[in-house]
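**Q** Starting off with a structure, shown below.
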Amino acid sequence: MASMLAHEDVRSNPGSKFVKSDVDRWLIAAVLGLAALAVLFWPQPNGKRDWHTGLRHPALWVLLSLAASFAATAWLRGRGIVVLGLLPFLGTLWPRRTTPPNPPPQPPRAAPPPKIMSRAEALDVFGLTPSTTREEVLEAYRHMLWFANPDHGGSEWLIDKLNEARDVLLKR
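Converting from the sequence shown to the working numbering requires adding 76 to each position, the first position being numbered 1.
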């Protein structure tokens, strides 16, 4: 008979050595809730009872979370299988925190067709007039080429433009 009572006690309170019944859980939850209220309305150092300041006290939140957990275990006791059945559905309430998929890579753009330099643009590059001679074009080309050299602050792009302007003016 004694072994039967012990077995029944273990079955009704699995894993709990200190809390023996649901009433005990409710009592502990109530005591913790009252302690939380005491922390909430405890007089501040300036003598005022300001509950706004009490809300920032960490002990209040610890006591409230403990009271809620004891109340939840008392209420859920015997209903745990139902709660476990609801867990998959509870997960759908929160949005998924996944990174959005990477957009597909854009196809490479085709290079625009090269713009052919006009005679007026070529004359503008060298700063010449339409009535210039072949020798004047070559002299301006050599002079500008010296400045377009990367060693003197120029660039490959500028050298390409000078070569293109020379070819247009000399009709190569």
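Cβ coordinates follow ideal geometry from the N, Cα and C atoms, glycine included. Note that the structure is a prediction, hence the values are computed from the model and not measured.
Less than 8 Å separating the beta-carbons of A105 and A135?
**A** The answer is no: Cβ separation not under 8 Å.
**Q** Within the same chain, show all residues whose beta-carbon is closer than 7 Å to that of L81, passing over the 5 residues directly before and after it, in chain order.
**A** Annotation note: pLDDT 44 at L81 (below 50); position unreliable, no value reported.
**Q** Roughly how many angstroms separate the alpha carbons of L204 and M220, rounded to a whole number?
**A** 12 Å
**Q** Which word fits V201, buried or exposed, when buried means at least 16 other C-beta atoms lie within 10 angstroms of its C-beta?
**A** buried
**Q** Which of helix, strand or coil does DSSP assign to V86?
**A** Low confidence applies here, because V86 scores a pLDDT of 44, under 50, leaving its location unreliable; read the following figure in that light. It is helical.
**Q** How big is the Cα-Cα spacing for D243 and A198?
**A** 9 Å
**Q** Buried or exposed: A187, going by 16 or more other Cβ atoms within 10 Å of its Cβ?
**A** It counts as exposed.
**Q** Would L139 and L108 qualify as a contact pair, given that the criterion is a beta-carbon distance under 8 Å?
**A** yes
**Q** Could you give the DSSP three-state label for M80: helix, strand or coil?
**A** Residue placement at M80 is flagged as unreliable, the pLDDT there being 44, under the threshold of 50; a coordinate-derived value is accordingly withheld.
**Q** Where do the N-terminal and C-terminal ends of the alpha helix (DSSP H) with M220 fall, by residue?
**A** R210 to A224
**Q** Using the Cβ count rule (16 or more neighbours within 10 Å means buried), how would you classify V99?
**A** exposed
**Q** Let me confirm a value: H83 is counted as buried when at least 16 other C-beta atoms fall within 10 Å, else exposed. Which label applies?
**A** Annotation note: pLDDT 42 at H83 (below 50); position unreliable, coordinate value reported separately. When all chains shown are included, H83 counts as exposed.
**Q** Consult DSSP for K237 and reduce its assignment to one of helix, strand or coil.
**A** helix
**Q** Starting from L199, follow the alpha helix (DSSP H) in both directions and report where the run begins and ends.
**A** R195 to F202
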